[in-house]
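Here is the structure we will look at.
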Amino acid sequence: MRNRLSIRFLVVALASAFLITATVITLLAAQQGSAPAAEGGGRGGRGRGAVNPLLSQPAPRLPDGTVNLGRAPGEPGIWQDPYIQNMGARNVFVGAPPAAARGERAGRGGGQIGGGEGAGPAGQRGGAATEPWVPFQPWAAAFYNYNSLNNSKYDPEGYCLPPGGPRLFATPYPMEIIQQPELKRIVFIFEGGTHVWREIHMDGRPHLKNEAIKGQSWLGDSVGHWEGDTLVVDVVGFNEGTWLDYFGHPHTDQMHIVERFTRPNKGTLHYEATIDDPGAYTKPWTVAWDIPWNATGELQEYICQENNNYFNRLTDDVGQPIVGPRQ
Amino acid sequence: MTARVQTILLAAIVLIASAIPVLAHHSFAAEFDSSKAIDFSGVVTKVEWMNPHVYFYVDVKDPQTGKVTNWGCEMGSPNGLTRQGWTRNTMKIGMVIRVEGAAAKDGSNVANARNVTVDGKKLGAASSEATNP
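In order, the protein sequence lines correspond to chains A and B.
Using numbering that gives the first Met the number 0, the first residue of the first sequence is number 0, and each one after it goes up by one.
Using numbering that gives the first Met the number 0, the first residue of the second sequence is number 0, and each one after it goes up by one.
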């Protein structure tokens with residue numbers, strides 16, 4: 000009798016645990032407003048049984064009818080950039096990598112998507128040889144192999160330098176887009192990436208000339224225009240201080256990026272970037288992913304440079320400190 | 000609600016809370032060794048609520064020799080911990096806490112905290128280990 004009661008209790012307990020877990024996940028998903036879109040990069044917008052109502056709502060629009068890529072009036076909210084560690088696992092068009100190579104992790108409400116970790120399978124820390132769909136030049140492949148297989152030890156972002164190019168949208172901190180049509184500009188504010196912003200010039204001006212001192216910068220020079228409901232941003236003028244991603248895909252100052260932003264529904268920002276860098280790759284390649292909307296989130300302060308013990312303690316490959324006198 | 004159900008609910012919340020994404024800053028594997036697990040209790044001697052990682056320091060007494068070692072432990076960023084519910088009152092100097100995580104590769108008394116147990120509550124520490132192995 001006692002055993003039967005114990006078994007019955009166990010069954011009830013397990014069922015309760017399952018139900019409670021499912022409920023908590025649902026609540027968290029609803030609170031974060033982002034889990035389903037984050038799951039697997041937002042494909043299909045389904046996640047763990049929870050359906051995010053924002054995914055069936057249309058994107059808000061500005062009074063002039065333009066798609067609003069930011070907050071609706073009177074509402075909070077932020078874009079929760081996912082954590083994509085390997086751009087090589089996010090290619091589209093150039094022979095998409097097998098799904099298994101993407102190394103995706105569940106979104107869990109905050110837009111966390113791995114880019115693959117660990118050594119071995121394609122798309123993970125196996126180096127350039129495991130990413131035949133990325134059109135590496137030989138030096139770029141060697142650079143990538145070194146840094147990827149070295150656990151990204153010298154990642155500029157670990158030094159609190161900003162992410163450049165598409166990595167701005169693959170560094171897992173919130174981001175906001177503020178449209179100012181009356182000023183003919185759009186401003187992106189990034190909480191991570193050391194609190195950087197981008198100003199997208201929408202006034203039809205040409206790019207800065209390359210010889211301009213500002214013509215080589217961390218985030219490049221951005222000019223944009225609308226093609227229907229798609230915001231197209233053309234970016235040139237990068238310096239060579241950043242990596243394309245955490246795993247270490249390099250780029251040069253010849254990099255030209257065309258970004259396309261769409262908001263297929265209220266809960267999703269679709270991001271696509273074509274990377275054209277004749278200094279590092281043999282042909283352009285395109286990456287894309289979805290960025291979920293966190294309907295209750297707000298930006299916080301994150302001043303990365305404050306106390307970077309990682310950088311202060313870092314040693315080079317022969318054991319000498321990166322910062323301070325050599326021994 | 001029975002005590003058992005409360006326990007299950009608490010376990011579920013802890014499970015979910017620990018699964019909330021953490022923020023990445025630097026390579027975990029370049030500095031820490033996942034195979035060098037640490038699990039110790041000690042007295043908090045200092046807390047630095049600073050970016051990009053909150054650091055706290057703990058005096059840990061060796062039960063055999065009685066020797067006290069001060070460990071520096073890295074957590075996530077202040078914004079990440081805030082989103083996980085941490086406040087400045089969660090951890091204070093003088094508190095006895097338990098730390099689980101991974102030690103630095105270089106053998107120094109520095110560790111990455113995966114979980115911190117304060118007042119009997121096990122808290123996620125927004126460690127970079129989960130996302131940057």
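Heads up, the beta-carbon is just placed ideally off N, CA and C, and yes, glycines get one too.
Residue of the options minimising C-alpha distance to residue i
| i | options | result |
| --- | --- | --- |
| A:A340 | A:D228, A:P131, A:L148, A:A127 | With chain A running from 0 to 326 in the structure shown, residue 340 of chain A is simply not present. |
| B:E73 | A:N306, A:D315, A:G318 | A:N306 |
| A:T65 | A:Q179, A:V91, A:P52 | A:Q179 |
| A:P165 | A:V257, A:Y301, A:N209 | A:V257 |
| A:M201 | A:L230, A:P75, A:L167, A:G219 | A:L230 |
| B:R82 | A:I321, A:Q319, A:G323, A:Q299 | A:Q299 |
| A:R197 | A:G219, A:H206, A:K183, A:L182 | A:G219 |
| A:N90 | A:I77, A:K213, A:P134 | A:P134 |
| B:V43 | B:K120, B:V115, B:A101, B:K121 | B:V115 |
| A:T312 | B:T86, B:G100, B:D105, B:P62 | Thr is not the amino acid found at residue 312 of chain A; the sequence shown has Arg there. Per the Cα distances, B:D105. |
| A:P62 | A:L148, A:E181, A:C303 | A:E181 |
| A:W284 | A:C303, A:G214, A:A88 | A:A88 |
| B:T144 | B:G100, B:W48, B:A103, B:G119 | Since the first and last residues shown for chain B are 0 and 132, residue 144 of chain B lies out of range. |
| A:I199 | A:I212, A:R259, A:L148, A:A141 | A:R259 |
| A:D233 | A:A211, A:Y158, A:H206 | A:H206 |
| A:L54 | A:Q319, A:T267, A:N146, A:D315 | A:T267 |
Whether residue i touches residue j by CB criterion (9 Å)
| i | j | result |
| --- | --- | --- |
| B:V57 | B:V98 | yes |
| A:N85 | A:H269 | no |
| A:V156 | A:W217 | Per the sequence shown, residue 156 of chain A should be read as Glu rather than Val. In this structure, A:W217 does not lie closer than 9 Å to A:E156 by Cβ. |
| A:Y280 | A:Q123 | no |
| A:A169 | A:P161 | no |
| A:E175 | A:G69 | yes |
| B:V59 | B:S40 | yes |
| A:P75 | A:T295 | yes |
| B:A125 | B:G79 | yes |
| B:S26 | A:Y245 | yes |
| A:R204 | A:V186 | no |
| A:K265 | A:Q56 | yes |
| A:A58 | A:R262 | yes |
| A:Y172 | A:Y309 | no |
Below-9 Å beta-carbon distance, residue i vs any chain B residue
| i | result |
| --- | --- |
| A:A36 | With a pLDDT of only 33 at A:A36, under 50, the local geometry of the prediction cannot be trusted, and no value is derived from it. |
| A:F168 | no |
| A:F310 | yes |
| A:G39 | Residue placement at A:G39 is poorly supported in this model, since its pLDDT is 34, which falls under 50; the coordinates still yield a value, given next. Taking Cβ atoms only, chain B never reaches closer than 9 Å to A:G39, which makes this a no. |
| A:Y145 | no |
| A:T229 | no |
| A:I302 | yes |
| A:D154 | yes |
| A:Q178 | no |
| A:T267 | no |
| A:T314 | yes |
| A:E190 | yes |
| A:G125 | no |
| A:Q299 | yes |
| A:S55 | no |
| A:N51 | no |
| A:G76 | no |
| A:G305 | According to the sequence displayed, residue 305 of chain A carries Glu and not Gly. Taking Cβ atoms only, chain B reaches closer than 9 Å to A:E305, which makes this a yes. |
| A:G219 | no |
| A:P120 | Low per-residue confidence applies at A:P120: pLDDT is 41, beneath 50, and the placement is therefore not dependable, though the value from the model is reported in the following sentence. With 9 Å as the cut-off, A:P120 does not count as an interface residue toward chain B. |
| A:N85 | no |
| A:G163 | no |
| A:G240 | no |
| A:T157 | Residue identity check: residue 157 of chain A is Gly in the sequence provided, not Thr. With 9 Å as the cut-off, A:G157 counts as an interface residue toward chain B. |
Any C-beta of chain A under 9 Å from that of residue i
| i | result |
| --- | --- |
| B:R113 | no |
| B:T81 | yes |
| B:P77 | yes |
| B:P20 | Its pLDDT being 41, under 50, B:P20 is placed unreliably by the model, and the measurement read from it follows with that caveat. By this cut-off, B:P20 is an interface position. |
| B:Y56 | no |
| B:G71 | yes |
| B:V43 | no |
Residue-level contact to chain E via CB, residue i, 9 Å cutoff
| i | result |
| --- | --- |
| A:S151 | Checking the listed chains, one finds no chain E in this structure; the protein chains it contains are A and B. |
Quiz item: Quick one: complete alpha helix (DSSP H) runs, 4+ long, within the segment 125–154 of chain A?
Solution: 137–148
Exercise. Indicate whether the contact test is met: 3 or more Cβ pairs, each with one atom in the segment 37–56 of chain B and one in the segment 267–282 of chain A, closer than 8 Å.
Key: no
Exercise. Would you check if there are 3 or more beta carbon pairs closer than 8 Å linking the segment 230–240 of chain A to the segment 250–258 of chain A?
Key: yes
Practice problem: Count the C-beta pairs between the segment 222–231 of chain A and the segment 187–194 of chain A that are closer than 8 Å, then say yes if the count reaches three, no if not. | Solution: no
Exercise. Answer yes if the segment 108–121 of chain B comes into contact with the segment 63–79 of chain B, meaning at least three C-beta pairs across the two stretches below 8 Å, and no otherwise.
Key: yes
Quiz item: Should the segment 27–36 of chain B be called in touch with the segment 77–95 of chain B, which here means at least 3 C-beta pairs below 8 Å?
Solution: no
Quiz item: Do the segment 283–294 of chain A and the segment 67–81 of chain A meet, that is, are 3 or more Cβ pairs less than 8 Å apart?
Solution: yes
Quiz prompt | Unbroken stretches of the beta strand (DSSP E), 3 residues or longer, contained in the segment 13–99 of chain B | solution = 31–47, 54–60, 67–73
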